[in-house]
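J.:
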Amino acid sequence: MGDPSSAVLLWGSGKDCSYALWVLRRRGIRVGALLTGITDGLGRTPAGARRSVMRRQAESIGLPLIEVGTPRGCDRATFVGHLGTALADPSLSEHGSIAAGNLMGPSDPIARLVCDGLEAATGKQMLMPFSGMAPQEYARSLVASGFRAVLTAVDTDVVDESFLGREYDAALLDDLPVGVDPGLEHPSFQTFAFDGPVYRHPVAFRLGKVARFAGVAHRDVQAA
Numbered sequence: 009m010g011d012p013s014s015a016v017l018l019w020g021s022g023k024d025c026s027y028a029l030w031v032l033r034r035r036g037i038r039v040g041a042l043l044t045g046i047t048d049g050l051g052r053t054p055a056g057a058r059r060s061v062m063r064r065q066a067e068s069i070g071l072p073l074i075e076v077g078t079p080r081g082c083d084r085a086t087f088v089g090h091l092g093t094a095l096a097d098p099s100l101s102e103h104g105s106i107a108a109g110n111l112m113g114p115s116d117p118i119a120r121l122v123c124d125g126l127e128a129a130t131g132k133q134m135l136m137p138f139s140g141m142a143p144q145e146y147a148r149s150l151v152a153s154g155f156r157a158v159l160t161a162v163d164t165d166v167v168d169e170s171f172l173g174r175e176y177d178a179a180l181l182d183d184l185p186v187g188v189d190p191g192l193e194h195p196s197f198q199t200f201a202f203d204g205p206v207y208r209h210p211v212a213f214r215l216g217k218v219a220r221f222a223g224v225a226h227r228d229v230q231a232a
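Everything in the sequence shown is counted per my numbering, starting at 9 for the first residue and increasing by one.
Pasting the structure below:
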């Protein structure tokens, strides 16, 4: 089953996974690799993060990025199945745990389904260092720890499109509308992390065009 103190970290380019890597290391967990799902033919995660910028993140962190191809438009069970197959590869057998940076709050059911599905499929222990943590406490501690990220997607029903591209800092947390959970990536907003204690150097990037669909505005992030 592998060493439970050694983990593969689920990676999605946002603030949560970067912060989770730092916290896990401080707790004595060795993270040996980052794992992400890439939609076939698109070169992006289901949430829209480009493969190219995640490779830049992994290079700065100094860990391998395992890219798992997933069918375009696949359901959650299929997505989890592909990740589970990758995690069962003998090359990752030394890692007895899977780690995720989600808070697992009541408004984050999709993340719960993914994590529970992977745990059941692989038999590996699931490590969630922020599970149950108060969102405000989590958000403020992340910023205070020196992590830097920008907002890359917002649900325009709850967060104004003008927040796109803004840095996730104390000023932004103060400006978020009442009722928006500042700690969760979904459903209100998503981020791209580019600097912090786990990065050997800032990740160079540039902000691209804004696309809008299904009530969500997305700001493209490209490698610079």
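Glycine included, each C-beta is placed from N, C-alpha and C at the ideal position.
Between the C-alpha atoms of E169 and S101, what's the straight-line distance to the nearest angstrom?
T.: Going from the Cα of E169 to the Cα of S101 covers about 43 Å.
J.: Can the beta-carbon of L150 be found closer than 7 Å to that of A15?
T.: No, the pair does not count as a contact, with Cβ atoms beyond the cut-off.
J.: From P114 to R220, what distance separates their C-alpha atoms?
T.: Residue placement at P114 is poorly supported in this model, since its pLDDT is 48, which falls under 50; the coordinates are not used for a value here.
J.: Return the first residue and the last residue of the beta strand (DSSP E) that I74 is part of.
T.: Per DSSP, I74 belongs to the beta strand (DSSP E) from 73–78.
J.: Would A161 and V224 be called neighbours here (beta carbons separated by less than 7 Å)?
T.: A contact, by the Cβ cut-off of 7 Å.
J.: Where does H90 fall in DSSP's three states?
T.: Correct three-state label for H90: helix.
J.: Would you kindly work out how many angstroms separate the C-alpha atoms of R156 and C25, rounded to a whole number?
T.: Near 12 Å, if we compare the C-alpha coordinates of C25 and R156.
J.: Could you pull out every unbroken beta strand (DSSP E) segment of at least 3 residues lying fully inside the segment 163–207, listed in chain order?
T.: DSSP runs (the beta strand (DSSP E)) wholly in the segment 163–207: 197–203.
J.: Name the residue from S99, A55, R64, T93 whose alpha carbon lies nearest to the alpha carbon of R80.
T.: Closest option to R80, Cα to Cα, is A55.
J.: Could you tell me the distance, in whole angstroms, from the CA atom of P137 to the CA atom of A232?
T.: If you take the alpha carbons of P137 and A232, they lie about 32 Å apart.
J.: Find out if the Cβ-Cβ distance for the pair Q133, P12 is shorter than 7 Å.
T.: For Q133 and P12, yes; Cβs fall inside 7 Å.
J.: Contact check, R58 vs V229 under 8 Å by CB: the rounded distance?
T.: Right, their Cβ atoms sit about 7 Å apart.
J.: Here's the rule I'm using: 16 or more other beta-carbon atoms within 10 Å means buried, otherwise exposed. How should G51 be labelled?
T.: The residue is exposed, with fewer than 16 neighbouring Cβ atoms inside 10 Å.
J.: Is the segment 85–96 in contact with the segment 35–47, if contact means three or more CB pairs nearer than 8 Å?
T.: Yes, they touch.
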